[in-house]
Structure formats: structure tokens, C-alpha cells
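Okay, structure first, notes after.
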Amino acid sequence: KRLRLYSLMREAARKYNENLSSPKAAVARDYIVKRNLPPNIVTRFGLGYSLDTTDIIKHLESKGYTKREMKDAGLIEQKADRWYDVFQGRLIFPIISNTGEVVAFGGRALDGKSFAKYRNSTQTEIFDKSRTVYALNLLKKKRRAGPLDYVIMCEGYMDVIALHKAGFDTAVASMGTALTPSQAKQLKNYSDKVIISYDGDGAGQKATLRGLD
């Protein structure tokens, strides 16, 4: 079952990424331009876009996956008798494990009206937020080239992407949660020095102090 879910998520990530070139994805392309994200960064992080409520469902069904599997992967939910993509209309950030598997997605609302600016996948059989570090796959790839002087731990996706764009390519994120013991153990595999760079607001400062412990 896990292998099916990994395969399904990889296919979903590919489709979301392809969607960026669709005429319906102009709002996502505009946001990418506004944030000054060059093509190599978009490719490095596999950014994508969810066109609407049903596009990903139709695509995955055409590949042989069931709605039950999509729900188990945290991709879709049901309202009355209607199934819908939980990331509809959002810029997509694939969350990739250190073994290179797409395990979840983060989505940023672009319409300015959504209740939550960011939405993460719910916990699934292949994704536990407290045990996952965003961009750890890139850190692992860089570690193969030699020892790392330090790792930078941020809060969110765009923090990591901005730092990578600026040349700080050992940045990773705890995805809005306080640093957990499990995440800290994983970072220890890559470097003995971790710099915590959370947001400067009150919540970020509190999370920094907890993370330092």
C-alpha cells in the first residue's frame, strides 16, 4: 500500500508541476515572478499548481488510482457526494523524504480570500509532519559532495526557497511547527551545527527558544 501511495504522490507532483504551463495557471506564474523565483529554483523544488477541484482526480483516475487511494494520500476530501482536491487553486510545494519519495504537499493560497494562507497534507500512512523535514532530500544530495559546515532550520517553504536562491543551500524547514526531537536527530546526520532562523514575531521567538533546547 505504501508503494502505491508513493507512486500516486509522485504522479500527482508531476501533474501539478506540468500545470504551471497551463493558461489557467497565470496567477501562479505571476506569483513566481513577483517573488523573483528563477526557473532553476522552481525546478529544484518541483513547484506546481492545482488548477481546480477535480483536475487531479481525473488525471490520477486515468492512471489507475482510486479515490480511496487519493484520500489515503491526503490529496482529496468528500463534501456531500462530491470529491474535491484539498489544494485547489494553490501553489504546490512537494514535500520529499530523504529517500526521494513525495510524501505530502504544502499549498499556498493565491486568491487572497482563503481562510488559511498555507495548507499542509494531513497525517497519512506515509507522512508524519513531526518526523519530516522540508528539503531534507536536497540536504542529503549536497552532503554527498562533502561535509556540511551548518544547517539552517526555518519555519516555512518560502523561507527555505528564499535562502536557497540567495546561496544558503543547506536551509530546511520544520513546516511551521516547533523543532521536534525526531527532526533534530535527522539533522544530526548532516551537521553538528544547526542555525535556527525562525520568524522574528513572538511565536517565532518562542519556537526558537524551544528549538534551541
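Residue numbering for the sequence shown follows the numbering used here, starting at 263 and increasing by one per position.
Each residue gets a CB set at the ideal place from its N, CA and C atoms; glycine is no exception.
Per DSSP, residue i forms a beta bridge with which residues?
i	result
residue 278	Per DSSP, none; premise fails for residue 278.
residue 356	367
residue 341	344
residue 307	Per DSSP, none; premise fails for residue 307.
residue 389	386
residue 396	435
DSSP three-state label for residue i, please.
i	result
residue 382	strand
residue 350	coil
residue 327	coil
residue 300	coil
residue 312	coil
residue 473	helix
residue 320	helix
residue 403	helix
What separation, rounded to the nearest whole angstrom, lies between the Cα atoms of residue i and residue j?
i	j	result
residue 396	residue 329	26 Å
residue 308	residue 269	16 Å
residue 277	residue 331	17 Å
residue 294	residue 341	31 Å
State buried or exposed for residue i, treating a residue as buried only when at least 16 other CB atoms are found within 10 Å of its CB.
i	result
residue 390	exposed
residue 298	exposed
residue 448	buried
residue 369	buried
residue 451	exposed
residue 457	exposed
residue 352	buried
Inset, instruction - Enumerate, from N- to C-terminal direction, the unbroken alpha helix (DSSP H) stretches of 4 or more residues contained entirely within the stretch 407-462. - result: 419-427 and 443-450
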